[in-house]
Amino acid sequence: MDLLDKCRVVGAADDARALGLYPYYPGSQGPAGHGQVLLDGAEVCMLGSSDYRALSSNPQIVAAAQDALALYGTSATGPRHQSGNLELHEELEADLAGFFGFEAALVFSTGYMANLGVVSCLVGRDDLVVVDERAHASLVDGARLAGANGARVLSYQHCSPDALAEALATAPGHPALVVTDALFADSGRAAPIARLVDVCARYGATLMVDESHGVGLLGRGRGIVHQSGVAGQVPLMTVSFGTSLASQGGAVLSDARTVDYLRHHCRPQLYSAGLSPAETAAAHASLREIRRHAERVPDALAAAERLRGALEVMGFGVEESLGPIIPVRFASEHAMLSAQRLLLDHGIYANAVLSTASAGHRLRIVCTDAHTPEALDAVIAVFGQLREDLIPRRRRPA
Ligand SMILES: Cc1ncc(COP(=O)(O)O)c(C=O)c1O
């Protein structure tokens with residue numbers, strides 16, 4: 028048995044390829060903007076992007092990245108604690124902390140590394156880490172790493188405060204970290220943050236919330252913790268810059284002592300180059316833009332509400348969700364993949380969500396600020412035209 032034998036076994040990706048329905052790594056993508064992308068040379072309406080506020084092509088954000096590139100060069104030149112600590116990082120950290128209401132922030136080279144690093148650094152031998160069963164892979168992997176270092180790792184039923192309480196009750200007296208996404212990217216479901224805060228307070232556990240998909244959109248741009256009225260009661264927050272902040276990188280926010288501890292003990296922070304100047308400046312310019320317009324309802328939310336309503340009326344299996352993500356359920360993986368391909372053939376790209384038995388088969392349709400009412404008219408017309416082929420007859424409303 029060779030180590031690489033597993034790579035040669037025919038799997039789901041090969042099956043989808045054989046059917047001509049392979050949905051991942053879509054085409055070779057050209058320049059993007061205004062909600063459109065070029066996929067293999069054809070113009071497609073992008074309904075699967077995390078660029079929720081459409082800032083990645085905003086001239087102000089692009090100019091901020093270009094200015095930083097010209098001034099500071101292409102690289103941070105090393106890890107932050109050595110040569111790579113730029114004033115750009117510290118300015119961004121100060122503004123992140125101020126905007127989200129924390130004492131301090133620490134920037135990482137990706138959101139994945141922020142989650143992996145923080146969980147595995149803070150949870151040690153004999154501590155407990157309890158993770159929502161559908162938490163982002165980076166949180167799960169952080170917990171696995173903590174487990175490899177002697178921590179006890181448990182998961183709790185998706186979005187269930189009662190299940191969390193049961194898990195915490197199994198290890199009284201052990202310091203515990205509870206980890207969840209604020210808004211789950213695959214389903215658009217929001218975690219019941221206020222109730223999780225209550226459970227954590229009852230058991231003396233520390234709550235860490237990943238706000239990557241709430242930031243810039245909900246809670247006046249500050250995310251779901253703020254929207255839930257419990258800002259100040261969640262001691263640790265992380266965010267990826269790959270969503271509304273239209274860049275690369277991520278950050279953790281907490282009290283000053285915890286952040287200082289992470290600065291000196293968190294391995295992905297210590298042993299990886301600092302975020303590049305252009306990426307740091309783009310994230311900062313996006314944060315400023317979001318802060319400037321924090322009182323305004325993002326266009327992405329209005330667009331999603333309209334599209335969600337139209338799809339429901341047409342009889343699509345729209346699941347309840349919050350924010351710009353519209354999950355549409357299909358009866359089988361084949362039906363979902365066929366729908367994804369049919370939409371693509373008609374100029375619409377939506378995400379095929381990797382299926383699991385418990386999560387079902389979904390297309391993930393995402394609106395951004397770039398989807399104008401006219402663009403949505405066109406999208407809704409295509410769904411209307413394809414309705415017969417996309418929805419099995421028995422599910423259709425009369
Ligand atoms: C909830 C969540 N956290 C973290 C990450 C990782 O962020 P990044 O892309 O910056 O590594 C993602 C990206 O998929 C995410 O959806």
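Those letters in the sequence shown? Residues 28 to 425, per the working numbering, in order.
Just so you know, even glycine gets a beta-carbon here, dropped at the ideal spot from N, CA and C.
### Message
Distance check for L113 and E193, CA to CA, integer angstroms please.
### Response
Just so you know, the alpha carbons of E193 and L113 end up roughly 45 angstroms apart.
### Task
Would you tell me roughly how many angstroms separate the C-alpha atoms of C227 and G54, rounded to the nearest one?
Roughly 45 angstroms separates the two Cα atoms.
### Query
Which ranges would you report for the alpha helix (DSSP H) in the stretch 187-239 if only whole runs of at least 4 residues count?
Qualifying alpha helix (DSSP H) stretches, in chain order: 188-196 and 220-230.
### Message
Can you tell me where the beta strand (DSSP E) holding A278 begins and where it ends?
### Response
Where A278 is concerned, the enclosing beta strand (DSSP E) stretches over G277 to S281.
### Query
Between C72 and C293, is the Cβ-Cβ spacing less than 9 angstroms?
Their beta carbons are not under 9 angstroms apart, which means C72 does not touch C293 by this criterion.
### Query
Would you say A258 and I352 are within 9 angstroms of each other, going by their C-beta atoms?
No, the pair does not count as a contact, with Cβ atoms beyond the cut-off.
### Message
Tell me which residues share the same chain as A198 and place their Cβ nearer than 7 angstroms to its Cβ, disregarding the 5 neighbours each side in the sequence.
### Response
So the qualifying residues of the chain are L155 and R179.
### DSSP state of R247 mapped onto helix, strand, coil
Shown here, R247 sits in coil according to DSSP, grouped into three states, outside any helix or strand.
#### Entry: Simplified DSSP assignment, three categories, for Q367
DSSP places Q367 in the helix class (H, G or I) of the three-state scheme.
### Query
With respect to 8 angstroms, is the separation between the Cβ of L212 and the closest non-hydrogen atom of ligand 1 below this value?
Reading off the sequence, residue 212 comes out as Ala, not Leu. The nearest non-hydrogen atom of ligand 1 is less than 8 angstroms from the C-beta of A212.
### Query
Is T265 near ligand 1, in the sense that its beta carbon is under 8 angstroms from a heavy atom of that ligand?
At a threshold of 8 angstroms, T265 counts as near ligand 1, since its beta carbon sits closer than that to one of the ligand's heavy atoms.
### Query
Are the beta-carbon atoms of E306 and A92 separated by less than 9 angstroms?
A contact, by the Cβ cut-off of 9 angstroms.
### Message
With H, G and I counted as helix, E and B as strand and the rest as coil, what does DSSP make of G75?
### Response
Coil at G75, not helix or strand.
### Close Cβ partners of A402 (< 7 angstroms) along its chain, the five nearest in sequence each way excluded
Around A402: G62 and C72.
### Query
Going by DSSP, what residues sit across from R356 in a beta bridge?
Looking at the DSSP output, R356 shares a beta bridge with G344 and R389.
### Query
Under 9 angstroms between the Cβ atoms of L133 and A310?
No, they are not a contact pair.
### Task
Assign C394 to buried or exposed, taking buried as 16 or more other Cβ atoms, counted over all protein chains shown, within 10 Å of its Cβ.
Per the 10 Å Cβ criterion, buried.
### Message
Strictly by DSSP, which residues pair up with M264?
### Response
According to DSSP, M264 bridges with V236 and L280.
### Query
In chain order, what residues of the same chain have a beta carbon less than 6 angstroms from the beta carbon of T104, not counting five sequence neighbours either side?
Within the same chain, T104 has close Cβ partners S110 and G111.
### Query
Are the stretch 358-368 and the stretch 321-330 touching, with three or more C-beta to C-beta distances below 8 angstroms?
With the cut-off at 8 angstroms, the stretch 358-368 and the stretch 321-330 do not touch.
### Query
Taking C-beta to C-beta, are L356 and V345 nearer than 9 angstroms?
According to the sequence shown, residue 356 is Arg rather than Leu. V345 sits close to R356, with the two beta carbons spaced by under 9 angstroms.
### Query
Going by DSSP, which residues form a beta bridge with D159?
Per DSSP, the beta bridge partners of D159 are Y183.
### Query
Got a sec: does ligand 1 put a non-hydrogen atom nearer than 8 angstroms to the Cβ of D208?
Correct: D208 has its Cβ closer than 8 angstroms to ligand 1.
#### Entry: Residue span of the alpha helix (DSSP H) that contains P53, given as start and end
P53 -> no alpha helix (DSSP H), and no H or E assigned at all.
### Closer than 8 angstroms: D237 CB and nearest ligand 1 heavy atom
Within the cutoff, so yes.
### Message
Here's the rule: buried if 16 or more other CB atoms are within 10 angstroms of the residue's CB, otherwise exposed. What is C186?
### Response
That one is buried.
### Message
Quick check on the DSSP output: what are the complete beta strand (DSSP E) runs of length 3 or more inside the stretch 61-145, in order along the chain?
### Response
Counting only runs of 3 or more, we get 63-66, 69-74 and 131-135.
### Task
Just the C-alpha distance for A131 and A124, rounded to the nearest angstrom, thanks.
C-alpha of A131 to C-alpha of A124: approximately 5 angstroms in a straight line.
### Message
For a test of the three-state rule: what should DSSP assign to I375, helix, strand or coil?
### Response
Of the three classes helix, strand and coil, the one that applies to I375 here is strand, per DSSP.
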